[in-house]
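Trainee:
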């Protein structure tokens, strides 16, 4: 599968087979996230890899739409460090929300190229998620991603129709 095919074929999946992701494959997925670009080369995103059932269940309780997290083989939490000298700052004072998105997309595309599905999930109760993950003071969870081999109809489900490219793209001006 080419990178372009992985991008076009990737879809969010919330149903996973009960089988582990091999360590070398997981390493490549996380490495793809680490290699994402970073504004000013600050590298403000860290990853917490969660494989234990109890920890996945605890983390799922921190989100509003996260029943799929405990069914995934692995959940990766993308964590943002605070700006220097601004501990406990609101999200607007965290470095790298865009960098976290870049890392997330790299990981999801790398996973899909290996036949592993994924689905991002927000942590609506960020302070609780920080406690569950044991984050240092001032750090926050930007997002989480569930990873696993797709199960049932999710393994063969086609992508949903998309709006035509012409509705997305404007040239020179709107």
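Numbering (this note's numbering), first residue to last: 6 to 179. Ideal placement from N, C-alpha and C gives every residue a C-beta, glycine not left out.
1. So is residue 129 buried or exposed if we call it buried at 16+ other beta carbons inside 10 Å?
2. So, for residue 115: in the same chain, excluding its five sequence neighbours on each side, which residues have a beta-carbon less than 7 Å away from its beta-carbon?
3. Quick one: Cα of residue 73 to Cα of residue 151, how far?
4. Assign residue 19 to buried or exposed, taking buried as 16 or more other Cβ atoms, counted over all protein chains shown, within 10 Å of its Cβ.
5. So for residue 51, helix, strand or coil by DSSP?
6. Buried or exposed: residue 117, going by 16 or more other Cβ atoms within 10 Å of its Cβ?
7. Between which two residues does the alpha helix (DSSP H) carrying residue 103 extend?
8. With DSSP as the reference, label residue 87 as helix, strand or coil.
9. Let me check one thing: in DSSP terms, what residues is residue 148 bridge-paired to?
10. Leaving aside the five residues before and after residue 10 along the sequence, list all residues of the same chain whose C-beta is less than 8 Å from its C-beta, in chain order.
11. Quick check: what's the CA-CA separation for residue 65 versus residue 24?
Mentor: Taking the geometry as given:
1. Around the beta carbon of residue 129, fewer than 16 other beta carbons lie within 10 angstroms, which makes this residue exposed.
2. Same-chain partners within the cutoff: 33, 34, 37.
3. Answer to the nearest angstrom: the Cα atoms are 8 Å apart.
4. Sixteen is the threshold: when 16 or more other Cβ atoms of the shown chains lie within 10 Å of the Cβ of residue 19, as they do, the residue is buried.
5. Note: residue 51 maps to strand in three-state DSSP.
6. Counting of Cβ neighbours within 10 angstroms places residue 117 among the buried residues, the total reaching 16 or more.
7. 102-118 is the extent of the alpha helix (DSSP H) around residue 103.
8. In the displayed model, residue 87 falls within a strand according to three-state DSSP.
9. The secondary-structure analysis by DSSP pairs residue 148 across a beta bridge with 83.
10. Same-chain partners within the cutoff: there are none.
11. If you take the alpha carbons of residue 65 and residue 24, they lie about 19 Å apart.
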